[in-house]
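These notes are about the structure you will find just below.
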Amino acid sequence: MNWQELIFGKLSWSVLPQNPIAWGGAIYMVACILAVLAFVTFSGSWRWLWKEWFTSLDPKKIGIMYITVAGIMLVRGGVDALLLRAQQATSVGDSFGIVSANHFQQIFSAHGSIMIFFVAMGLMFGLINLVVPLQIGTRDVAFPFLNSLSFWLFFAGAALINCSLLLGDFSTAGWLAYPPLSELQYSPTVGVDYWIWGLQIGGLGSLLSGVNFIATIVKKRAKGMTWMRLPMFTWTTLGSMSLVVFAFPILTVTLALLWLDRTAGMHFFTAGGGGNMMMYVNLIWAWGHPEVYILILPAFGVFSEIVPVFSSKKLAGYTSMVLSIWAIVVLSFIVWLHHFFTMGAEADVNAFFGIMTAVIAVPTGVKIFNWLFTMYRGRIRFTTPMLWFIGFVVLFTLGGVAGVVMAEPPADYELHNSLFLVAHFHTMIVSGVLFGYFAGLTYWFPKFFGFTFDEKWGRRAFWLWLTGFILAFGPLYLLGLEGATRRLDHYSAALGWQPLFAVAGVGAVLIALGFCCQVAQLIASIRKRHANKVGSDPWRGRTLEWSVASPPPAYNFAALPLVHARDQFWAYKHTKIHHDMQAEDFHMPKESAAGLIIATFVFAFGFGAVWHIWWLVIFGALGAIVTALARTFDEDAEYVVTASEIVHREAGLRRDEAITV
Amino acid sequence: MMETQAHASDTLSPEERAADSTAVFGFWAYLMTDLVLFASLFAVFAVLRGPAFGGSSMGNIFNLPYVLIETIALLTSSFTCGLALLAARADKVQAAILLLSTTFVLGAAFVGMEVSEFTRLVAQGYGPSHSGFLSAYFTLVGTHGLHVAVGLLWLLSLTIAILKRGFSRGNMRKLALFSLFWHFLDIVWIFIFTIVYLMGAL
Chain P
1 MNWQELIFGK LSWSVLPQNP IAWGGAIYMV ACILAVLAFV TFSGSWRWLW KEWFTSLDPK
61 KIGIMYITVA GIMLVRGGVD ALLLRAQQAT SVGDSFGIVS ANHFQQIFSA HGSIMIFFVA
121 MGLMFGLINL VVPLQIGTRD VAFPFLNSLS FWLFFAGAAL INCSLLLGDF STAGWLAYPP
181 LSELQYSPTV GVDYWIWGLQ IGGLGSLLSG VNFIATIVKK RAKGMTWMRL PMFTWTTLGS
241 MSLVVFAFPI LTVTLALLWL DRTAGMHFFT AGGGGNMMMY VNLIWAWGHP EVYILILPAF
301 GVFSEIVPVF SSKKLAGYTS MVLSIWAIVV LSFIVWLHHF FTMGAEADVN AFFGIMTAVI
361 AVPTGVKIFN WLFTMYRGRI RFTTPMLWFI GFVVLFTLGG VAGVVMAEPP ADYELHNSLF
421 LVAHFHTMIV SGVLFGYFAG LTYWFPKFFG FTFDEKWGRR AFWLWLTGFI LAFGPLYLLG
481 LEGATRRLDH YSAALGWQPL FAVAGVGAVL IALGFCCQVA QLIASIRKRH ANKVGSDPWR
541 GRTLEWSVAS PPPAYNFAAL PLVHARDQFW AYKHTKIHHD MQAEDFHMPK ESAAGLIIAT
601 FVFAFGFGAV WHIWWLVIFG ALGAIVTALA RTFDEDAEYV VTASEIVHRE AGLRRDEAIT
661 V
Chain L
662 MMETQAHASD TLSPEERAAD STAVFGFWAY LMTDLVLFAS LFAVFAVLRG PAFGGSSMGN
722 IFNLPYVLIE TIALLTSSFT CGLALLAARA DKVQAAILLL STTFVLGAAF VGMEVSEFTR
782 LVAQGYGPSH SGFLSAYFTL VGTHGLHVAV GLLWLLSLTI AILKRGFSRG NMRKLALFSL
842 FWHFLDIVWI FIFTIVYLMG AL
């Protein structure tokens, strides 16, 4: 090993991008980063950003940072999607499209990984951070510092995976990197290592968040909030976080073993040497299937909040809603084999997992019916959140039925690995997860900013997303039935598939326009913020988050609420018995940079592990451990808010409310 | 400001009591994630343990009496750790420090013995890249060893903190969490000893 390898590992000038489109991506990313840095510097906002945001332990601010990062990653994943659609619409017969086969494989691998890990997960943790503490009537999460660390690990993972735009390449092994393709022999570049460490670091953040929110919901509920008075979004979060705690360690192990195979020459999943590549497929889906429900459960929770509020009725079938969450939590751990019916398990094994997969549709169906029953004879207001719900309920039900079709092993033998499957899971994740979080963002936006999210642009965004979605994925169902396999970078003109791929391309463009409308929506909302200013309860809400000022003070509640009913705030508004709560002194966490510092060291560790820069690996690991230990022994991490300060602040908030309402 | 000299649990405010109980609950939840981590590694080991690929079987590459001594060292350290917690609750600083130091020495002996066993196996040509079985063995046992090593680092800094600040509320809480962690590693080791070594020797 010469000195260059010692210092730079596998880094050299040859790892820079090799073709114009890759260069375009790299330059665009670097330009965006420089533009943001320049803007922050010239507007003199560094101190403000550092003090108010980067080192903040306030879950409301951490939530907004999660959503910001997820939004940026949505652009990255969306550009990938447009490239995929453009390639498949044009690469037919004598034409070979816009990117090479290898580059196409990198793009679809990046699209899947980034959309799941850094868009869907980011939006989910963002909403959970914003809403759960307020819904359960507490001032903070159980472990505020751990929460900040989780966010920065998520950010470090996202940053690491995007380094591949400039340095080296991305994995070509798909979003789940099956061996033997992902082994060193067939993927000799650093692409798979970027994938491993980006997900590993982001996944560690998710795991810690899972622990944190379970402790928060179990231990920090307001007095009187018994389990059967818990708001539905909090219930679904508890279900989802329970899945995180039991599923994510499996991912941690799987990724670590794959990296050991690639780096230390071990034989976990290799074709020779006593390895077992089918074990990888089992392990990754033992995490991967629960992951689907981790993402969808909080989206279900969002709808369970929105539908009653905009139907002016209480939620139908609360108890069955709670039971169906836990049925889904349990069942989601015994369906993973349906992702590989064709791998060659016995007929009995396939039959068991096929039946379980059909069964898991039942609790989901219970939820759909309960939402519809809630709407039945309700006084419905068709606001944007409600539009997202209606789009969801139609598409998600259709996609779910397609899923039950594929749950039958004989049908799956025909449909597996086809575009039918791709269309199915996009229906579940786009119209389920994404529409759900968009609905949630629109619904809770006024709570955290004090003005409404522009309705006009919101409607435009919704209709473009809806029609775009149908045009983009309807053709994929048909193509899949005609035998088009997924991940095709080229096909023969004689197949006659091009028109359908072209329609799918148009759909993708409409979705992109829908996203542009959402950006316009944000800008329009900010410009009209004075005109659209709202009080604490703009939607006639039912749960505790609507009882505090918009935006809520850092401490959420001047006096911790006492809960008497399921929809506590609704009950409070409709009874005359009001208790005057006494303000008391309480502790709040001080801001801390330790989470950001630890995540920076972990990023260095990950970068070193990708490029085999061993000194950086050691430096990153030691730095992270020492910072963590130093933080553990900081006994001066809180400050006291006194009752008199609270009374003073609250009087001010009331005055503002009186002016706006 | 948090009072550093308060240590007896009956002087805690309801807010502090709730915070301590939340910390213990959260730590249990974390331990469950670690349990799933080890369960996955055990599953991997069970899949790959078959006849060792192109080499000898487990029985004749491991030295059972040596592993038994390792086991005794770790189990004894768990016992002294439990005694240290009792001593701390009775506010006996010297006894607690002595017991924590014993725990550290025994834990360090365990890690040392494990490292030397690994070195011996690698020197004999049974390294982790030799076969799927040995990859699984080194990763499962090594992950446990890594946990013990991190625990030692934690124990060291905790002991220093107790010497500096005595049994402050923060230190008492950390001691209780550390003791949970240490007993957890003990239980995992009992499974490793049974499934990897004893069943391997059959």
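These protein sequence lines are chains P and L, in that order.
Sequential numbering from 1 applies to the first sequence in the numbering used here.
Sequential numbering from 662 applies to the second sequence in the numbering used here.
Note that the Cβ used here is the ideal one computed from N, Cα and C, for glycine as well.
Note that this is a predicted model, so its numbers are computed, not measured.
Residue environment, residue i, which counts as buried when at least 16 other CB atoms sit within 10 Å
{"i": "P/Ala-159", "result": "buried"}
{"i": "P/Arg-542", "result": "buried"}
{"i": "L/Ala-669", "result": "No answer about L/Ala-669 holds up, because its pLDDT of 49 lies below 50 and its placement is not dependable."}
{"i": "P/Ile-618", "result": "exposed"}
{"i": "L/Leu-760", "result": "buried"}
{"i": "P/Lys-314", "result": "exposed"}
{"i": "P/Val-190", "result": "buried"}
{"i": "P/Gln-87", "result": "buried"}
{"i": "P/Val-661", "result": "Legend: pLDDT at P/Val-661 = 36, less than 50; position of this residue unreliable, value from coordinates given subsequently. Per the 10 Å Cβ criterion, exposed."}
{"i": "P/Asp-169", "result": "buried"}
{"i": "L/Asn-724", "result": "exposed"}
{"i": "P/Gln-518", "result": "buried"}
{"i": "P/Leu-258", "result": "buried"}
{"i": "P/Ala-651", "result": "exposed"}
{"i": "P/Ser-209", "result": "buried"}
{"i": "P/Ser-182", "result": "buried"}
{"i": "L/Gln-666", "result": "For L/Gln-666, the predicted structure reports a pLDDT of 45, less than 50, and the residue's modelled location is therefore unreliable. A value from the coordinates is still provided. Under this definition L/Gln-666 is an exposed residue."}
Counterpart residues of residue i in DSSP-defined beta bridges
{"i": "P/Phe-586", "result": "P/Val-641"}
{"i": "P/Leu-562", "result": "P/Lys-223"}
{"i": "L/Tyr-691", "result": "Answer by DSSP bridge pairing: none, since L/Tyr-691 is not bridged."}
{"i": "L/Thr-804", "result": "Paired residues: none, contrary to the question."}
{"i": "P/Lys-533", "result": "P/Phe-451"}
{"i": "P/Val-92", "result": "P/Tyr-491"}
{"i": "P/Thr-485", "result": "P/Ser-418"}
Beta carbon proximity, residue i to chain A, threshold 9 Å
{"i": "P/Pro-180", "result": "Structure shown: chain A not included; protein chains present are P and L."}
CB of residue i within 9 Å of CB of residue j, strictly
{"i": "P/Gly-480", "j": "P/Ala-423", "result": "yes"}
{"i": "L/Val-811", "j": "P/Met-279", "result": "no"}
{"i": "P/Leu-146", "j": "P/Lys-447", "result": "no"}
{"i": "P/His-530", "j": "P/Phe-451", "result": "yes"}
{"i": "P/Gly-77", "j": "P/Phe-143", "result": "no"}
{"i": "P/Phe-389", "j": "P/Trp-371", "result": "yes"}
{"i": "P/Arg-221", "j": "P/Met-588", "result": "no"}
{"i": "P/Thr-632", "j": "L/Ser-818", "result": "yes"}
{"i": "L/Ser-790", "j": "P/His-612", "result": "no"}
{"i": "P/Gly-137", "j": "P/Leu-544", "result": "yes"}
{"i": "P/Asp-662", "j": "P/Ala-524", "result": "Given that chain P is displayed from residue 1 to residue 661, the structure contains no residue 662 of chain P and the question cannot be resolved."}
{"i": "P/Ala-554", "j": "P/Ser-148", "result": "no"}
{"i": "P/Ile-116", "j": "P/Glu-291", "result": "yes"}
{"i": "L/Ala-770", "j": "L/Ala-734", "result": "yes"}
{"i": "P/Val-433", "j": "P/Leu-123", "result": "yes"}
{"i": "P/Phe-586", "j": "P/Val-640", "result": "yes"}
{"i": "P/Arg-262", "j": "P/Asp-193", "result": "yes"}
{"i": "P/Phe-515", "j": "P/Val-75", "result": "yes"}
{"i": "P/Leu-476", "j": "P/Leu-419", "result": "yes"}
Residue i CB to nearest heavy atom of the ligand GDP below 8 Å
{"i": "P/Ile-511", "result": "Here there are no bound small molecules, and the ligand GDP is not part of this structure."}
Report task. Any chance you could list the alpha helix (DSSP H) runs of at least 4 consecutive residues sitting entirely within the stretch 400–466 of chain P, in chain order? Result -> 409–415, 419–426, 435–449
Report task. May I have a chain-ordered list of the alpha helix (DSSP H) segments no shorter than 4 residues that lie completely inside the stretch 322–399 of chain P? Result -> 347–375
**Report entry** Cβ contact check for the stretch 220–229 of chain P and the stretch 755–768 of chain L: 3 or more pairs under 8 Å
**Finding:** no
Query raised in the report: On the three-pair Cβ rule with 8 Å, is the stretch 169–179 of chain P touching the stretch 266–284 of chain P?
Result: yes
Query raised in the report: Touch check for the stretch 235–243 of chain P and the stretch 327–334 of chain P: three-plus C-beta pairs under 8 Å?
Result: yes
Report task. Could you say if the stretch 459–475 of chain P and the stretch 557–576 of chain P meet the contact criterion of at least three C-beta pairs nearer than 8 Å? Result -> no
Requested in this report: Assess, as a yes-or-no matter, whether the stretch 738–745 of chain L is touched by the stretch 761–771 of chain L under the definition of 3 or more beta carbon pairs within less than 8 Å.
Outcome: yes
Query raised in the report: Can you give, in chain order, each stretch of the beta strand (DSSP E) that sits fully within the stretch 140–215 of chain P and has at least 3 residues?
Result: none
**Report entry** Touching by the beta-carbon criterion (3+ pairs, under 8 Å), the stretch 499–517 of chain P and the stretch 433–440 of chain P
**Finding:** no
Query - the stretch 49–67 of chain P touching the stretch 95–114 of chain P, judged by at least three CB pairs closer than 8 Å - result: no
Query raised in the report: Which runs of the beta strand (DSSP E), 3 residues or longer, sit entirely within the stretch 791–835 of chain L?
Result: none
Query raised in the report: At a cut of 8 Å, does the stretch 828–836 of chain L reach the stretch 639–649 of chain P through at least three beta carbon pairs?
Result: no
Query raised in the report: Quick check: the stretch 10–21 of chain P against the stretch 150–157 of chain P, are there 3 or more CB pairs under 8 Å?
Result: no
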